[in-house]
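S.K.: Before we start, here is the structure in question, set down as structure tokens.
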Amino acid sequence: MIRGTLWIPWPGETLGLEPQQPFLFCRLVFSTTRSEHPVINLVGSESQTECEVKKKKSVNTTEEEAVELSILHSNPLAPKSDPKGMALIMVNDILANATDTLSYIEELIKQTSDEQLEQQLAFCAESYIPVVKYILPQAADAISQGRFGFASYCIVDAQKEVNACDKKFSGSSQAPLSDRNDIMQKLVDVAAAIVKLLLNG
Amino acid sequence: MGSPSSSHSELLCSYVPVPDGPHSPAEPPRKVMKVFVIFCGMLVLLFILAFNGDHVTSTLTTTTNEQEFSPRTHTVPCSTLKPFSRGVSSGVSWKSSFNNDESYPWNNTMLSWQRTVFHFQPEKNWMNDPNGPLYYKGWYHFFYQYNPKGAVWGVIVWGHAVSRDLIHWLHLPLAMVADQWYDKNGVWTGSATILPDGQVIMLYTGSTNESVQVQNLAYPADPSDPLLVDWIKYPSNPVLFPPPGIGTMDFRDPTTAWLTSEGKWRISIGSKLNKTGIALVYDTNDFKTYERVEGLLHAVPGTGMWECIDFFPISIKGENGLDTSINGENVKHVVKVSLDDDRHDYYAVGTYDEKNVKFTPDDLKNDVGIGLRYDYGIFYASKTFYDQSKERRVLWGWIGESDSEYSDVAKGWASVQGIPRTVTLNKKTGSRLLQWPVAEVESLRLRSDEFENLKVKPGSVVPLEIETAAQLDIVAEFEIDNKALEMTSQFNREYECSTSGGAAERGALGPFGLLVLANEDLSEYTPTYFYVVKGSDGQLKTSFCSDQSRSSLATDVGKKIFGSFVPVLEDEKLSLRILVDHSVVESFAQGGRTCVTSRVYPTKAIYGAARLFLFNNATEATVTASVKVWQMNSAFIRPFNPNQRN
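Chains as they are written, first to last, in numbering that gives the first Met the number 0: chain A, 0 to 200; chain B, 0 to 645.
Given below as structure tokens:
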């Protein structure tokens, strides 16, 4: 089992920065094996007062992966066992991440003079644009309307786009997006698992 | 195609397969990067006798060698199908010219192999024209003429599917059915217009309860639904009736609308006057009331009824597509029609004079309906749309069947759609369009095998060792040796694919190319090839053909040879691309200057028995070929099921 905590930045923050304010802590523990979808168990929240931010990197130890996820929530009204609310928060978080990544890609494109890198980045921009413009917003809409099946399709589509972008760099010496893509993948995996929970009951 | 470690591999002999019975040479279990020919001296064949040591024949007629090339002894029936007219009452198959007594003993194994895996088709039944393609809120939408009741044409309704990438489709519920008096006999072809404010307008032809062709308006019931599942027919339909002087069954297939400089929306509808195909023009502000514009957008005598008109701008300088309303400098226009009389799609590039509402082709000798075709094989009722997300113009085309109605009914389906193609103006040749499968199809590519600089001598067949051969993306380049080009005494022959003897008819500089969906003993194979002829002025003229005459041992399938001339510029190698997807083969020459789509129905060259060969049946020229072959994954086209767990 891999035990670690993935820190999901609140919308507006870029990765790596410390959060400015304390947040409510709501924890989901889920485990994944490499080939299976994440299984989610709601473990129950910590106290509803201010807590520290846990920031640990996930470490590959054995075959099974378990990523302990901390969702930082500044809204004290969000009940701890509201998977739909959590799914929405997740999706909006992913959207923020993706939007940020898209700007990052566009910056990189402006800065690079390496033609091959530019092509790879342009491909990634083309992958991320529909994710930001349509796929994730539609997923969010669908979740709030209770259309979990459609949300599930959207999330899988987002996954495919991120994957396609990542694959563009396989074998290349430079892969400036691998960390970000990696985080996106993990976030999307979690979102997919939550939506699957919703779909099943 | 370049790889740093390439070297010439010379063929040591003509590889000859046995026609009687299966022959399986030992195959290396792992992937072979270069092809080395192994002497199989014990298999001497009629084939080798036919081609080794054969010398130049200067006649066009095929020699007895041709008979030896084919093990079958009965004559090949000519599949002259009666032209299909929608005036026929519903449910009647247009294939009644096939005599069912001669039908081949098809079995389920053979029939189920025919289904494609990455071309769009509904789960079952009959499909024809593409309708109203569009991109909306992150989804590509595709609608199509569909018969929910069987695998033959009937009372047609609109099927619907969506995709993120024009390749992976999800089937949705039927968009429109024949539930109004004005489309009781069929919800026929139509086009979508997206207004600047994002509204989606659909105009389509209805065949009324009295078989009169009228135009109707429909729009999404819920524009906030990205899947556009539900549609509303405008309560005051029809919005257009056949005008005076136009036949009530000669008025169909409204185009996408384009904005005039006066701010009105303009559409065109095809028709005919006697034997002259014509394009009528209407203006509207709200898509509900229309005024007929005097005159005609264009007309060409002798072409007959113009179905499925398409009218769009094309960029002269750039590589992007253009929104349908664009006009101005550096823009030309294309008029495309489907000719009812010969079931082919023709186009012409020219200029659109908006003020006088007139289209003038650049080349009157190749006017609409008498000149260039999108595709020289089976490709009809095609329609483009402007994809604003990727700024390209994308072409859909209906690929019908060329087998018997009996087979269609037995296998439970008929027709596929072509892989969507981007359409651009070929800058190097001027008035010709280039079509190329959308880049997204490449996401289906799995492992590849590359064969570089194979020297293929006259009269040889080279097996290309790849894993399976029914789902392929093939890219190949060919070069004829210069000596043969200079020295050949054969010149000034006229060559036309359709009247030729196909791949069995030998010339000095052709045919050569690939044999797809071939079996080991070559009792079935489908050649896609180039045939080069030297003119009296020394100029070379190249044809690109797809030969179905030996695609199948079955007697009740199409046996034609499709193809056409393809312009090849100085210093260009001959290049082709072939998408093989079970019973459909789409071929593109010189980057899409000439395209040929065919349907093939092998009985033996199926599943694991299908193979791929390189061949050179020329008599004088040695050809150097480089081929890259990808295995293609399925697109897993399936119903959209929101309740399914992934």
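Positions of the beta carbon are idealized from the N, C-alpha and C atoms, including for glycine.
Mark B:ARG446 as exposed unless 16 or more other C-beta atoms lie within 10 angstroms of its C-beta, in which case mark it buried.
M.R.: On the second sequence, position 447 is the one that residue 446 of chain B refers to. Per the 10 Å Cβ criterion, exposed.
S.K.: Against chain A, which members of the stretch 219-231 of chain B pass a CB distance test of less than 7 angstroms?
M.R.: Taking 7 angstroms as the Cβ-Cβ cut-off against chain A, the residues of the stretch 219-231 of chain B that qualify are PRO225.
S.K.: If you run the structure through DSSP and keep just helix, strand and coil, what is B:MET248?
M.R.: Sequence index remark: in the second sequence, residue 248 of chain B carries index 249 (1-based). Coil, per DSSP.
S.K.: Please list, in chain order, the chain B residues whose beta carbon lies closer than 8 angstroms to that of A:LYS132.
M.R.: Looking up residue 132 of chain A in the first sequence gives position 133. Within 8 angstroms Cβ-Cβ: GLY137.
S.K.: Tell me which same chain residues have a C-beta within less than 6 angstroms of the C-beta of B:HIS343, skipping the five on either side of it?
M.R.: Here residue 343 of chain B is taken as the residue at index 344 of the second sequence, counted from 1. These residues qualify, in order along the chain: ARG372.
S.K.: What number of angstroms, rounded off, separates the C-alpha of B:ALA634 from the C-alpha of A:ASP178?
M.R.: In the second sequence, counting from the first residue as 1, residue 634 of chain B sits at position 635. In the first sequence, counting from the first residue as 1, residue 178 of chain A sits at position 179. So the alpha carbons of these two residues sit roughly 29 angstroms apart.
S.K.: Whole beta strand (DSSP E) runs in the stretch 455-529 of chain B with 3 or more residues, listed along the chain?
M.R.: Qualifying beta strand (DSSP E) stretches, in chain order: 459-462, 470-479, 508-517.
S.K.: May I have the straight-line CA-CA distance separating B:TYR281 from B:HIS332, to the nearest angstrom?
M.R.: For the purposes of this step, residue 281 of chain B is taken as the residue at position 282 of the second sequence. For the purposes of this step, residue 332 of chain B is taken as the residue at position 333 of the second sequence. Spanning the two alpha carbons is a distance of roughly 18 angstroms.
S.K.: Just the C-alpha distance for B:ASP221 and B:PRO195, rounded to the nearest angstrom, thanks.
M.R.: Mapped onto the second sequence, residue 221 of chain B falls at position 222. Mapped onto the second sequence, residue 195 of chain B falls at position 196. Roughly 18 angstroms separates the two Cα atoms.
S.K.: Going by alpha carbons, who is nearest to B:GLY370 out of B:PHE250, B:PHE490, B:PHE378, B:PRO360?
M.R.: Position 371 of the second sequence holds residue 370 of chain B. Nearest C-alpha to B:GLY370: B:PRO360.
S.K.: A:ASP156 versus chain B: which residues are under 7 angstroms apart at the beta carbon?
M.R.: Counted from its first residue, the first sequence places residue 156 of chain A at position 157. The answer, in chain order, is ARG163.
S.K.: Mind checking which residues open and close the alpha helix (DSSP H) that includes B:ASP309?
M.R.: Here residue 309 of chain B is taken as the residue at index 310 of the second sequence, counted from 1. Careful: B:ASP309 lies outside any alpha helix (DSSP H), inside the beta strand (DSSP E) at 305-314.
S.K.: For A:ILE104 and A:MET183, I'd like the C-alpha separation in whole angstroms.
M.R.: Position 105 of the first sequence, counted from the start, is the residue given in the question as residue 104 of chain A. Position 184 of the first sequence, counted from the start, is the residue given in the question as residue 183 of chain A. Approximately 14 angstroms between the Cα atoms of the pair.
S.K.: Please classify B:LYS364: is it buried, with 16 or more other beta-carbons within 10 angstroms of its beta-carbon, or exposed?
M.R.: The residue given as residue 364 of chain B occupies position 365 in the second sequence. B:LYS364 is exposed by the Cβ-count criterion.
S.K.: By how many angstroms is the C-alpha of A:ASN162 removed from the C-alpha of B:ASN236?
M.R.: Translated into positions along the second sequence, residue 236 of chain B becomes position 237. Translated into positions along the first sequence, residue 162 of chain A becomes position 163. If you take the alpha carbons of B:ASN236 and A:ASN162, they lie about 47 angstroms apart.
S.K.: Using 8 angstroms as the Cβ pair cut-off and three pairs as the minimum, do the stretch 283-297 of chain B and the stretch 262-272 of chain B touch?
M.R.: Short answer: they touch.
S.K.: Going by CA-CA distance only, name the one from B:SER542, B:ASP536, B:GLU523, B:TYR524 that's closest to B:TYR530.
M.R.: In the second sequence, the residue the question calls residue 530 of chain B occupies position 531. Taking only the C-alpha atoms, the option nearest B:TYR530 is B:SER542.
S.K.: Residues in the same chain with beta-carbon distance under 7 angstroms from B:THR383, minus the five sequence neighbours each way, listed in chain order, please.
M.R.: By 1-based counting over the second sequence, the position of residue 383 of chain B is 384. Cβ within range, chain order: ASP309, PHE311, ARG392, VAL393, LEU394, VAL422.
S.K.: If you draw a straight line from the alpha carbon of B:ASN640 to that of A:LEU196, how long is it in whole angstroms?
M.R.: Translated into the one-based positions of the second sequence, residue 640 of chain B becomes position 641. Translated into the one-based positions of the first sequence, residue 196 of chain A becomes position 197. About 17 angstroms.
S.K.: Tell me the rounded alpha-carbon separation between B:TRP397 and B:VAL415.
M.R.: Within the second sequence, the letter at position 398 stands for residue 397 of chain B. Within the second sequence, the letter at position 416 stands for residue 415 of chain B. Cα to Cα, the separation comes out at about 6 angstroms.
S.K.: Would you kindly work out how many angstroms separate the C-alpha atoms of B:VAL532 and B:TYR139, rounded to a whole number?
M.R.: Looking up residue 532 of chain B in the second sequence gives position 533. Looking up residue 139 of chain B in the second sequence gives position 140. The straight-line gap from Cα to Cα measures roughly 43 angstroms.
S.K.: Give the DSSP-derived three-state secondary structure of B:ALA624 in the structure shown.
M.R.: Locating residue 624 of chain B in the second sequence gives position 625, where the first residue counts as 1. Here B:ALA624 sits in strand by DSSP.
S.K.: Checking contacts by CB at 8 angstroms: is A:PRO129 closer than that to chain B?
M.R.: Reading the first sequence from its first residue, position 130 is the one you call residue 129 of chain A. True, the Cβ-Cβ gap to chain B drops below 8 angstroms.
S.K.: What is the residue span of the alpha helix (DSSP H) that A:SER126 lies within?
M.R.: Taking the first sequence and counting its residues from 1, the one referred to as residue 126 of chain A is at position 127. Note, A:SER126: alpha helix (DSSP H), 114-129.
S.K.: Would you report the Cα separation of A:GLU130 and B:LEU239, rounded to the nearest angstrom?
M.R.: Here residue 130 of chain A corresponds to residue number 131 of the first sequence, with the count starting at 1. Here residue 239 of chain B corresponds to residue number 240 of the second sequence, with the count starting at 1. A quick correction: the sequence has Val, not Glu, at residue 130 of chain A. Computed Cα separation, rounded: 41 angstroms.
S.K.: Using beta carbons (cut-off 8 angstroms, strictly below), is B:PRO641 in contact with chain A?
M.R.: Within the second sequence, residue 641 of chain B is the residue found at index 642, counting from 1. It does: the Cβ of B:PRO641 has a partner Cβ on chain A nearer than 8 angstroms.
S.K.: From the DSSP output, in three-state form, read off B:GLU290 for me.
M.R.: Taking the first residue of the second sequence as 1, we reach residue 290 of chain B at position 291. Strand, per DSSP.
S.K.: Using 8 angstroms as the limit for Cβ to Cβ distance, is A:GLN110 near chain B?
M.R.: Counting from one through the first sequence, the residue named residue 110 of chain A turns up at place 111. Chain B, which has no Cβ nearer than 8 angstroms to the Cβ of A:GLN110, makes this no.
S.K.: With DSSP as the reference, identify every bridge partner of B:TRP168, one or two as the case may be.
M.R.: Within the second sequence, numbered from 1, the residue matching residue 168 of chain B stands at position 169. B:SER162, per the DSSP bridge assignment.
S.K.: Rounded to the nearest angstrom, what separates B:HIS22 and B:ASN616 at their Cα positions?
M.R.: Position 23 of the second sequence holds residue 22 of chain B. Position 617 of the second sequence holds residue 616 of chain B. Its pLDDT being 38, under 50, B:HIS22 is placed unreliably by the model, and the measurement read from it follows with that caveat. Spanning the two alpha carbons is a distance of roughly 22 angstroms.
S.K.: To the nearest whole angstrom, what separates the beta carbons of B:LEU463 and B:VAL626, a pair I think is in contact under 8 angstroms?
M.R.: Your numbering for residue 463 of chain B matches position 464 in the second sequence. Your numbering for residue 626 of chain B matches position 627 in the second sequence. Between B:VAL626 and B:LEU463 the Cβ distance is about 6 angstroms, and since that is below 8 angstroms, they are a contact.
S.K.: Do B:TYR346 and B:LYS357 have their C-beta atoms closer together than 8 angstroms?
M.R.: By one-based count along the second sequence, residue 346 of chain B stands at place 347. By one-based count along the second sequence, residue 357 of chain B stands at place 358. Cβ distance not < 8 angstroms, so B:TYR346 and B:LYS357 don't count as in contact.
S.K.: Please list the terminal residues of the continuous alpha helix (DSSP H) segment that includes B:THR323.
M.R.: Numbered from 1 along the second sequence, position 324 holds the residue referred to as residue 323 of chain B. First-last for B:THR323: undefined, no H or E at that position.
S.K.: Using CA coordinates, which residue listed in B:GLY557, B:PRO147, B:ALA588 is at the minimum distance from B:VAL474?
M.R.: The residue labelled residue 474 of chain B in the question sits at position 475 within the second sequence. Cα-wise, what sits closest to B:VAL474 is B:ALA588.
S.K.: Excluding the 5 residues preceding and the 5 following A:CYS153 in the sequence, name in chain order all residues of the same chain whose CB lies nearer than 6 angstroms to its CB.
M.R.: One-based indexing of the first sequence puts residue 153 of chain A at position 154. Around A:CYS153: ILE134, GLN137, ALA138.
S.K.: Report the three-state DSSP secondary structure of B:THR283 (helix, strand or coil).
M.R.: In the second sequence, counting from the first residue as 1, residue 283 of chain B sits at position 284. Looking at B:THR283 - three-state DSSP - the assignment turns out to be strand.
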